[in-house]
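Input: a single structure, listed below in structure tokens.
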Amino acid sequence: MTNVQHDHHEHVVYYAYTAQQAVADGLSVEPFPEVTREAGFRLSVILTTAAYADVVEWTRDDIGQDESGRWWDVLMAARIAAKRALGHPGAPFWFEVYRIPNKAPNGAESRVELPIAARLRIRVEAFDWELTPCLVISLPDEEE
Numbered sequence: 001m002t003n004v005q006h007d008h009h010e011h012v013v014y015y016a017y018t019a020q021q022a023v024a025d026g027l028s029v030e031p032f033p034e035v036t037r038e039a040g041f042r043l044s045v046i047l048t049t050a051a052y053a054d055v056v057e058w059t060r061d062d063i064g065q066d067e068s069g070r071w072w073d074v075l076m077a078a079r080i081a082a083k084r085a086l087g088h089p090g091a092p093f094w095f096e097v098y099r100i101p102n103k104a105p106n107g108a109e110s111r112v113e114l115p116i117a118a119r120l121r122i123r124v125e126a127f128d129w130e131l132t133p134c135l136v137i138s139l140p141d142e143e144e
């Protein structure tokens, strides 16, 4: 059991898992930090691996896409939801990004060539044990 003091209040923490640990364990990724900063985000922005695979990852070579460009699109779509989320740590906010699917639902390479909406959730979480805030983006069906 760990006692954590923050803002002059003491809280007993029975179990905690930070976004930093999720990145280290390969459950989340922090793609292109330089693109994130260029887009005006001052906090780290983390994606679950499932969200990354759905909206950023690009393995097809038939359409002019790349992962940093797809990440930029996610960041631009997330801006408004991120601003709302900053005032409500832990609360989920929703947004949509239009992307050309990289994979079909069965896992095979997608043949879709037109953008399709993907709904995503963004929320503020603690990045590390110092409670540094970060933004975490996930798919709707992923656990909180």
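The letter at position 57 of the sequence shown is residue 57 when you use full-length UniProt numbering, and the numbering goes up by one with no holes.
Glycine residues also receive a C-beta, built at the ideal position from the N, C-alpha and C atoms.
With respect to 7 Å, is the separation between the Cβ of residue i and the closest non-hydrogen atom of the ligand ZN below this value?
i: Gln-65; result: With respect to the ligand ZN, the structure offers nothing, as it holds no ligand at all.
Around the C-beta of residue i, are 16 or more other C-beta atoms found within 10 angstroms, so that it is buried, or is it exposed?
i: Asn-106; result: exposed
i: Asn-3; result: Low confidence applies to Asn-3: its pLDDT is 48, below 50, so where it sits in the model is not reliable, and the reading given next is rough at best. Result: exposed.
i: Ser-68; result: exposed
i: Val-136; result: buried
i: Gln-20; result: buried
i: Arg-111; result: exposed
i: Ala-126; result: buried
Kindly indicate which residue of the options has the alpha-carbon position closest to the one of residue i.
i: Val-56; options: Asp-62, Ile-63, Leu-47, Trp-129; result: Leu-47
i: Asn-16; options: Leu-139, Leu-114, Glu-130; result: For the sequence presented, residue 16 should be read as Ala rather than Asn. Here the closest residue by C-alpha is Glu-130.
i: Arg-60; options: Pro-101, Val-45, Asp-25; result: Pro-101
i: Glu-113; options: Trp-58, Val-12, Gly-87, Asp-25; result: Trp-58
i: Arg-70; options: Thr-18, Tyr-98, Glu-142; result: Tyr-98
i: Leu-86; options: Ala-104, Asp-25, Val-45, Val-12; result: Val-45
How close, in whole Å, do the beta carbons of residue i and residue j come, if the pair is a contact with beta carbons under 8 Å?
i: Val-23; j: Glu-30; result: 6 Å
i: Leu-27; j: Pro-133; result: In fact, because the Cβ distance is near 19 Å, the residues do not count as touching under 8 Å.
What number of angstroms, rounded off, separates the C-alpha of residue i from the C-alpha of residue j?
i: Asp-128; j: Glu-109; result: 36 Å
i: Asp-66; j: Gly-90; result: 31 Å
i: Phe-32; j: Tyr-14; result: 33 Å
i: Ile-63; j: Pro-115; result: 12 Å
i: His-88; j: Leu-139; result: 19 Å
i: Glu-143; j: Val-12; result: 23 Å
i: Ala-118; j: Lys-103; result: 13 Å
i: Asp-25; j: Thr-18; result: 11 Å
- Message: Closer than 8 Å is the cut-off here; do at least three beta carbon pairs connect the segment 68-83 with the segment 34-43?
- Response: yes
- Query: For the segment 50-58 against the segment 86-96, are there 3 or more C-beta pairs whose distance is under 8 Å?
  - Reply: no
- Touch test, the segment 120-129 against the segment 80-92, Cβ-Cβ under 8 Å, three pairs minimum: yes
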